[in-house]
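Worksheet: one structure, shown below.
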Amino acid sequence: MPSNSRETKLEAFGQLLDVLDILRVQCPWDRKQTDESLRPNTIEETMELAEAIMAGDYDAMRKELGDVLLHVLFYAKIGDENGRWDIADVCDALRRKLIFRHPHIFGDETASTAEEVLQKWEVIKMKEKGGNKTVLSGVPSSLPSLIKAERVQEKASNVGFDWEKREDVWDKVREEFAEVEKAMRDGVADDVEAEFGDLLFSVVNAARLYGVRADNALERTNRKFITRFNYIEAQATAAGKHVNELSLDEMDALWNEAKQCL
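Counting from 1 along the sequence shown, just add 734 to a position and that's the residue number in the numbering used here.
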């Protein structure tokens with residue numbers, strides 16, 4: 735599909751704003767929405783976009799991007815109504831931020847690789863008016879733990895706190911694994927949880943160092959497990975049984991079948 739012209743894109747954006755203006759006045763549901771009431775739906779729409787990305791479903795991505803965009807415009811509309819700011823202010827603030835954070839494009843600095851850009855990124859953000867006060871303060875506390883671990887590691891790495899050689903991380907993974915085993919033997923529940931956390935953190939760190947998104951990797955495995963377990967359940971049903979009536983050996987055999995065909 736050929737790309738639309740800039741004029742067509744701007745026209746489409748303006749028409750979308752017009753539709754939202756009408757809905758905000760005439761639709762009872764749209765009229766009653768607030769920042770707080772939209773928030774749960776925004777999270778849901780964002781997760782649906784993430785699912786479409788993981789599935790590689792580009793038609794679904796286009797749909798879900800539209801839903802996320804609607805929420806962006808809706809918050810801006812509410813902000814406009816309350817005299818705070820409107821979508822033009824949002825766009826202008828973003829434009830200024832992008833220019834400020836890319837001095838190698840819009841200023842006198844140089845950066846020829848993505849790694850060089852990242853090394854300067856955190857320092858630049860801390861220089862912004864109203865920007866982060868510390869390197870890790872920009873990581874939202876509400877992020878899922880796996881993604882949060884990756885983000886804090888990335889930010890620390892951007893200011894030079896990282897392994898000199900990525901292969902060295904495996905010694906840390908092995909060390910943390912041994913500490914989990916010791917905590918399990920000692921039987922202190924709080925220590926077991928803490929050591930499992932350290933082990934998971936080190937594995938996420940290893941994934942990051944080797945260019946693997948830990949959350950994406952785990953989600954692929956989640957989906958693979960679900961598909962294979964669904965196969966076991968379907969085979970049990972076909973045999974007139976509930977899955978919990980199968981022996982472990984029977985389930986293992988079906989699991990191996992699933993690995994071959996799914």
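Even for Gly, the Cβ is constructed at its ideal location relative to N, Cα and C.
DSSP three-state assignment for residue i, whether helix, strand or coil
i	result
R818	coil
L877	coil
G872	coil
N990	helix
R962	helix
R947	coil
C825	helix
L996	coil
F834	helix
Q767	coil
G790	coil
F895	coil
E843	coil
L980	coil
G974	coil
K867	coil
E910	helix
P736	coil
E862	coil
G931	helix
Integer Cβ distance of residue i from residue j, believed to fall under 8 Å
i	j	result
E849	R942	No, E849 and R942 are not in contact; Cβ-Cβ is about 13 Å, not under 8 Å.
L982	A970	13 Å between Cβ atoms; not a contact.
V926	A917	5 Å
E913	E929	5 Å
Selection from the options that minimises the alpha carbon distance to residue i
i	options	result
I881	D826, N816, L952	L952
Y809	R758, V903, F834	R758
F747	K958, C825, R954	C825
F895	E778, V937, S879, L852	L852
L744	S891, D842, A822, A917	A822
V937	L751, M795, F911	F911
L807	P774, L751, E770	L751
K958	S737, M788, V753	M788
P878	A940, T868, A845, N950	N950
W897	T868, R919, E856, A940	A940
R900	P736, R818, G945	G945
D769	N816, G921, P736, S875	N816
R765	T844, L754, A987	L754
Other residues of its chain near residue i: CB distance less than 8 Å, five sequence neighbours each side excluded
i	result
V886	L870, V873
T780	V802
D820	A810, K811, G813, D814
A890	V869, L870, D896
Same chain, Cβ closer than 7 Å to residue i, neighbours up to 5 away in sequence not counted
i	result
T776	H805
A786	A794, M795, E798
E915	none
V977	I966, E967, A970
T742	none
Beta-carbon contacts of residue i that lie in its chain and below 6 Å, excluding the five residues immediately before and after
i	result
R835	I858
F840	I833
L783	E798, V802
T961	L996
Beta carbon proximity, residue i to chain C, threshold 8 Å
i	result
D920	No chain C is present in this structure, which holds just one protein chain.
Practice item. Evaluate the contact criterion for the region 929-944 versus the region 901-909: three or more CB pairs, one atom per stretch, below 8 Å. Key: yes
**Study point:** the region 801-814 contacting the region 828-843, beta-carbon criterion three pairs below 8 Å
**Key:** no
Review point. Are the region 986-995 and the region 958-966 touching, with three or more C-beta to C-beta distances below 8 Å?
Key: yes
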